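**Q**
Number of protein chains: 4
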Amino acid sequence: MSPIRINLYSDTQTLPTPAMRKAMAEAPVGDEQRGEDPTVNRLCEVVAELTGKEAAVFLPSGTMCNEIAICVHCRPGDEIITDRTAHILNLEGGAPAALSGASIWPLEGSHGVFTAEQVQQGIRPESRHTPRSRLVCVEQTANLGGGTVWPLETIQSVAEVARTHQLALHMDGARLFNAVIAAGIEAKKYTAPFDSVWFDLSKGLGCPVGGVLAGSAAFIEEAWWWKQRLGGAMRQAGILAAAGLYALEHHIERLAEDHRNARRFAEYIAEIPGISVALETVETNIVFFDVTATGLSAVEISDKLKSYGVLIGATDKARLRAVTHLDISQTDIETAAKALREIC
Amino acid sequence: MSPIRINLYSDTQTLPTPAMRKAMAEAPVGDEQRGEDPTVNRLCEVVAELTGKEAAVFLPSGTMCNEIAICVHCRPGDEIITDRTAHILNLEGGAPAALSGASIWPLEGSHGVFTAEQVQQGIRPESRHTPRSRLVCVEQTANLGGGTVWPLETIQSVAEVARTHQLALHMDGARLFNAVIAAGIEAKKYTAPFDSVWFDLSKGLGCPVGGVLAGSAAFIEEAWWWKQRLGGAMRQAGILAAAGLYALEHHIERLAEDHRNARRFAEYIAEIPGISVALETVETNIVFFDVTATGLSAVEISDKLKSYGVLIGATDKARLRAVTHLDISQTDIETAAKALREIC
Amino acid sequence: MSPIRINLYSDTQTLPTPAMRKAMAEAPVGDEQRGEDPTVNRLCEVVAELTGKEAAVFLPSGTMCNEIAICVHCRPGDEIITDRTAHILNLEGGAPAALSGASIWPLEGSHGVFTAEQVQQGIRPESRHTPRSRLVCVEQTANLGGGTVWPLETIQSVAEVARTHQLALHMDGARLFNAVIAAGIEAKKYTAPFDSVWFDLSKGLGCPVGGVLAGSAAFIEEAWWWKQRLGGAMRQAGILAAAGLYALEHHIERLAEDHRNARRFAEYIAEIPGISVALETVETNIVFFDVTATGLSAVEISDKLKSYGVLIGATDKARLRAVTHLDISQTDIETAAKALREIC
Amino acid sequence: MSPIRINLYSDTQTLPTPAMRKAMAEAPVGDEQRGEDPTVNRLCEVVAELTGKEAAVFLPSGTMCNEIAICVHCRPGDEIITDRTAHILNLEGGAPAALSGASIWPLEGSHGVFTAEQVQQGIRPESRHTPRSRLVCVEQTANLGGGTVWPLETIQSVAEVARTHQLALHMDGARLFNAVIAAGIEAKKYTAPFDSVWFDLSKGLGCPVGGVLAGSAAFIEEAWWWKQRLGGAMRQAGILAAAGLYALEHHIERLAEDHRNARRFAEYIAEIPGISVALETVETNIVFFDVTATGLSAVEISDKLKSYGVLIGATDKARLRAVTHLDISQTDIETAAKALREIC
Ligand SMILES: [Ca+2]
Ligand SMILES: [Ca+2]
Ligand SMILES: [Ca+2]
Ligand SMILES: [Ca+2]
Ligand SMILES: [Ca+2]
Ligand SMILES: [Ca+2]
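Residue numbers (our numbering), protein chains in the order written: chain L, 2 to 345; chain B, 2 to 345; chain E, 2 to 345; chain V, 2 to 345.
Written out as structure tokens, the structure is:
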């Protein structure tokens, strides 16, 4: 089989660029869990500033960002309200229950975006018999929803309901900057209503490892206890943080290119007979498409694409997901789309 | 306000009869957690026989029966598949996550009854990212579904899917004998496909305290460790078990009367303008009815009923739930229905 | 083998007396988890009064009293400071870790009683690396310590250290009234420094089932959530609570007799060649004795005693534990001691 | 205050060397959680080979290695037997209880090393009341014990007791290679009896981040589920693994130099009046010393040392701990010792 040359599997596949590698190799470092790594410290300051929070903590993955936030906000028996497609519900190994003893009440949102009214209905009545509603979690952008951008007004109305009922608010901002670039709204505006928020460095931003979680100083102090407990406290992690600082300077604006490429890809393949794609949902760098009408299964199409050197993953029997990122050029998009046309 | 004379709030409200009290007062007892209470031992033997299992353990509540079963079947990170209306999801304080670290994947069943196909779709794919599907839980009868009886064939097809995927099967049989009497199918037939099953003594059977959990000898041995850990190991519990033995002898057949009363009540109130009741779902001793069209809220109606000495609880803004049981006569039913007609 | 006529295995073996059974059989009852059981309510009021706390909750066992208190006081990662012989560490199935995620730091006390200085040394320094010291637990009387009474001054000095470090204080008062009677100090004095306290109804007090946990109104409200979650919420539990009310009226003063019997037994067997008993530690109703010098193992002696109709349990290779209670008369003590003399 | 030039705080303070940084910058990388990072894969193969196990997994910290092993071996209610000075008990934030629901039964070993007989005594009897003994954990070298090397025969006799009682065996080999070099015994011999073992890359081996956990293929498959759940699954982690491969080639043999330096330091300061050091325990790169007789507290001495540019941490009121590593030369040792002589 030909090697994969065009990897649309996920934006987590991004490789560090030579310039990013150079920044990492030259980074001044120290013991980050003693607060002595200057590069990690700098990254945390920058992220706190970007998200408008008092403090931030560097962690080895986005999953750990989510799970630590949940551990800090929730006690055993508490319940989290989020979308049925949420990463914390579907792709973190059941960690909210396993680590925090917290349940999840899933809402039936639209492409991963739910409404204030749905939150209202999902809040438990006062009763010792029920789980205790405690946290609302918003995923920006909504990954399994199709890279959907949460509109600022929706966020604000959801936040208002949460506040009224003394619920905490957490943003899983894995792809926060895709929303920032797609909507032209600065990060701080999106994150303002949240008690905690994080974004991933290793997805569209192109870093090899890590995410940064931000919140109040008290929240981050508690998060540090969990960072130690879960084994997320590292040593000379400035090597990794240096990539983050580089990415925040050089890789945010260029996300617009990923969005243009996703759009191009979606529009191109929408013309292929048998492929169905909801163009209105392609807002950022993710394109879900349905291949039922081709007579081939999603896995079959994924396998055939590999022989063209193209990797696009099947997410279920009928659907595939393509994700654009900094290793994907406009030409790659055209090549991938043509391969798809030949197959279907 | 007049005292409540007709208590349709729940079948948990049943009071021990004089004959049951006498049986309790005369019960031979011993230290049950050392296996030396003859009355508890006898009850466990009878329940094991009734449910067709190797062994059984007496516990202070149905919630503990469910939660111990989940603790034995699941490890942290595992996922339970059940109906969105399930007691374990809505009315046990988030205990599956809090005590076992287990998540719940809720299915959208019909009146609390889901299909084999829905189970199939709810099973997670093989992936280290997801929770691990581990247990299917069936509630017989489905309380918040309206006292619905799970048909034997539905149980068997659900069990087949579970077996195919190496999932364990648990029956929350809180009102198992209501199903047995309503359908004329013996308990053993319903429980045969399950790894664990329990039924409640303190609901329709009229005992003051307790439930009995049954399963294989190995399962019950593990359940005993959790009984100790959760504080369910008691001492001279034969006092309580004596009520259970009495109820199994005298209070099962009479559930038919509760079902007739529920049916009468449902048919009567279905005629009241503004009240809506899905008669086809009234299979056992529970009647949910909607009062939207009366112009009154459920709470308002519940409050007005109290002045007639009738207690029927509001379960949300528009619905109330009436439950018949051994302290409710046909006359009580007629009185309650008339009160409702006067109010609406 | 002859039946056991003299059961010194534990004071949990006490059987309800005819008068207690009568009180139970006649008790007015209701749904205790809805706050409607008048007998349970009365018992909780009496216990709150006796212990000088705002509120109390009835539970099916002492283990549940301890574990609920720990669940309320601790969050995952917290640490409990207590004696190495403590019931919560040795005899509750690892529940503090299993249910609360709390660790235990064991102190090497003297006969189950530790000092303020030991607590001071057991408190963790401020550091994100360590567990978080959170709760000090005192067991009155200290069961595996030999039924030792915690002196009031020791309690007060331990409490002072705990307060200085913002630690919560819990009393496992399983045999609190044995201390009250032995020392002539009222319960309220012992319990005053504690945030939570419980005592057992089913040990020396002679009830079949249950313990009562007391604390501030806010503490008890939280305890109720855990009572539901663990399955300790019962229905017409007044049947059991009636025994508790009876015992509080009739079975406290008579504990003095159990203490005299334990003393008699200890003094008698101290004379038997090969048996060693630390007479100065026999303060209440528990007598540990060492049989190493008899040349027989503790289990062998326990087995031989059974043929005399006497039950005394071996607690390890060399030691046995005898516990006096309301089913044990002075004659029984003499018979048991004589049997022991014949055997050794 | 003068900057720290001689950092004896911990071997975790080691900075990556230029050659190590170069290896990292040039590492081929991929998505490690999809099994596609060639450098991570290579590191895992090398570690599996070195430790004689079927498989290995790369993790962001030693704490995560320990905690994942515990999560895999233990279920809630299980108990771990280890030394009272163990890292898992004292320096991982109470994670065994918080994440696994497991308790720890601490043994009073000698400098962190316990005996087979102590393990035997620490195993719980068969009883539903107690925690369930499940895992024995050995720390090689014993950090808080003073860098003590576990003798091979002690390991083997401890393992035999564990096997006899069906307990699992885990080695916290944070400084395994210090033992290997000090004793001249190859890693594989030490690790042979263990079900799971890990060593740290970021201590004496000089890497910035990470540890590697090894065991059977089935154990590592389970460990991967927990790696996802805890947020230890990274992306292009080959950057970090490259440092590990470099260290395994270049930084093992040189640990002998760290041991000579520790020895020199210990012998030098043993001569200083008021300083007490147990020379026989200085087997590797860690030197604990007592300063009680100087009339100064440990913190005072630590502070004074800083003004000489020397960092040695106080571990309690009377003791300090100095740790040698690859950034510490023989001259540094002499300078530090002289500073100490001037201060005391
Ligand atoms: Ca990347
Ligand atoms: Ca989209
Ligand atoms: Ca009842
Ligand atoms: Ca004693
Ligand atoms: Ca009793
Ligand atoms: Ca290092």
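Every residue, glycine too, gets a C-beta built ideally from N, C-alpha and C. All of these numbers come straight from a predicted model, not from anything done at the bench.
On a CA-only basis, which of Thr332/V, Ala169/V, Lys307/V and Pro274/V is nearest Asp79/V? Give me that one, please.
**A** Measuring from the Cα of Asp79/V, the nearest candidate turns out to be Ala169/V.
**Q** I'd like to check one pair, Val210/V with Met235/L: are the Cβ atoms closer than 8 Å?
**A** Going by C-beta atoms, Met235/L is nearer than 8 Å to Val210/V.
**Q** My assumption, with CB atoms under 8 Å, is that Val58/V sits in contact with Ala238/V. Please give the rounded CB distance.
**A** At roughly 11 Å, the Cβ-Cβ gap does not stay under 8 Å, so Val58/V and Ala238/V are not in contact.
**Q** How would you list, in chain order, the residues of chain V whose beta-carbon sits under 7 Å from the beta-carbon of Trp225/B?
**A** Within chain V, the residues near Trp225/B are Arg129.
**Q** Mark Gly185/B as exposed unless 16 or more other C-beta atoms lie within 10 angstroms of its C-beta, in which case mark it buried.
**A** Exposed, by the Cβ-count rule.
**Q** Determine the burial state of Leu280/B: buried for a count of at least 16 other Cβ atoms within 10 Å of its Cβ, exposed for fewer.
**A** Counting Cβ neighbours within 10 Å, Leu280/B comes out exposed, since fewer than 16 surround it.
**Q** Compute the Euclidean distance between the alpha carbons of Gln167/V and Gly174/V, then round it to the nearest angstrom.
**A** Near 22 Å, if we compare the C-alpha coordinates of Gly174/V and Gln167/V.
**Q** Starting from Ser104/E, trace the beta strand (DSSP E) both ways and give me its first and last residue.
**A** Unbroken beta strand (DSSP E) run through Ser104/E: Ser104 to Leu108.
**Q** Look at Arg43/E and Leu246/E and say whether their C-beta atoms are less than 8 Å apart.
**A** Going by C-beta atoms, Arg43/E is nearer than 8 Å to Leu246/E.
**Q** With DSSP run on the structure shown, which of helix, strand or coil describes Trp199/V?
**A** Strand.
**Q** Restricting to runs no shorter than 4 residues, where is the alpha helix (DSSP H) found entirely within the stretch 171-259 of chain V?
**A** As far as the stretch 171-259 of chain V is concerned, its whole alpha helix (DSSP H) runs of at least 4 residues are 177-184, 188-192, 218-231 and 239-251.
**Q** Around the Cβ of Asp32/E, are there at least 16 other Cβ atoms within 10 angstroms (buried) or fewer (exposed)?
**A** Per the 10 Å Cβ criterion, buried.
**Q** Going by the CB atoms, is the gap between His260/V and Ile182/V shorter than 8 Å?
**A** Yes, the pair counts as a contact, with Cβ atoms nearer than the cut-off.
**Q** For the putative contact between Gly94/V and Pro152/E, defined by C-beta atoms under 8 Å, what is the C-beta separation to the nearest angstrom?
**A** Rounded, the Cβ-Cβ distance is 35 Å, inconsistent with contact.
**Q** In or out: Glu154/B buried (at least 16 other Cβ within 10 Å) or exposed?
**A** It counts as exposed.
**Q** Straight-line CA distance for Tyr309/L to Val30/V?
**A** Each residue's Cα considered, the two are about 22 Å apart.
**Q** Using a C-beta cutoff of 8 Å, does Glu118/L count as contacting chain B?
**A** Chain B, which has no Cβ nearer than 8 Å to the Cβ of Glu118/L, makes this no.
**Q** To which residues does DSSP link Asn8/V through a beta bridge?
**A** Partner(s): Leu312/V.
**Q** Can a CB atom of chain V be found closer than 8 Å to the CB of Met172/L?
**A** Taking Cβ atoms only, chain V never reaches closer than 8 Å to Met172/L, which makes this a no.
**Q** Could you tell me whether any Cβ in chain V is nearer than 8 Å to the Cβ of Ile1/E?
**A** It is not possible to answer for residue 1/E, since the shown part of chain E is limited to 2 through 345.
**Q** Where Gly53/L and Asp196/L are concerned, what is the direct C-alpha to C-alpha distance, given to the nearest angstrom?
**A** So the two alpha carbons sit approximately 11 Å from each other.
**Q** Going along the chain, which residues of its own chain have a beta-carbon closer than 7 Å to the beta-carbon of Ala149/V, five neighbours each way excluded?
**A** The residue you asked about is not Ala; residue 149/V is Thr in the sequence shown. Correct list, in chain order: His112, Gly113, Val114, Thr142, Ala143, Thr282 and Glu284.
**Q** Please name the residue, chosen from Pro39/V, Tyr10/V and Ser11/V, that lies closest to Leu241/V on a Cα-to-Cα basis.
**A** Per the Cα distances, Pro39/V.
**Q** Between the stretch 8-20 of chain E and the stretch 317-330 of chain B, can you find at least three pairs of beta-carbon atoms closer than 8 Å?
**A** The stretch 317-330 of chain B, when compared against the stretch 8-20 of chain E, does not touch it at the 8 Å Cβ threshold.
**Q** What's the C-alpha gap between Glu68/V and Ala99/V?
**A** Each residue's alpha carbon lies about 10 Å from the other.
**Q** My understanding is that Gly147/L touches Ser62/V, with C-beta atoms under 8 Å, so please give their C-beta distance in whole angstroms.
**A** Between Ser62/V and Gly147/L the Cβ distance is about 35 Å, and since that is not below 8 Å, they are no contact.
**Q** Please identify, using Cβ separations under 7 Å, the residues of the stretch 210-239 of chain E that lie next to chain L, in order along the chain.
**A** Those would be Trp225, Trp226, Gln229 and Arg230, in chain order.
**Q** According to DSSP, Phe289/B sits in a beta bridge with which residue or residues?
**A** DSSP, once it has assigned bridges, lists Arg322/B as partnering Phe289/B.
**Q** Put Ser62/V into one of helix, strand or coil per three-state DSSP.
**A** Coil.
**Q** Which value, in whole angstroms, describes the spacing of the CA atoms of Ile7/V and Asp328/V?
**A** Each residue's Cα considered, the two are about 8 Å apart.
**Q** Identify each residue in the stretch 92-104 of chain B for which the Cβ-Cβ distance to at least one residue of chain E is less than 8 Å, and report them in chain order.
**A** Cβ contacts with chain E: Glu93, Gly94, Gly95, Ala96, Ala99 and Leu100.
**Q** Give the single residue among Gly102/L, Ile81/L and Glu161/L whose Cα lies nearest to the Cα of Ala117/L.
**A** Comparing Cα positions, the closest option is Glu161/L.
**Q** Quick one: measure Cβ to Cβ for Leu51/L and Ala193/L, integer angstroms, because I've assumed they're closer than 8 Å.
**A** Rounded, the Cβ-Cβ distance is 12 Å, inconsistent with contact.
**Q** Within the same chain, show all residues whose beta-carbon is closer than 7 Å to that of Lys318/B, passing over the 5 residues directly before and after it, in chain order.
**A** Within the same chain, Lys318/B has close Cβ partners Ser298 and Ala299.
**Q** Between Ile89/B and Leu145/B, what straight-line distance do the alpha-carbon atoms span, to the nearest angstrom?
**A** Whole-angstrom Cα-Cα distance: 11 Å.
**Q** Just grab the DSSP bridge partners of Leu136/L for me.
**A** Ile81/L and Ala169/L, per the DSSP bridge assignment.
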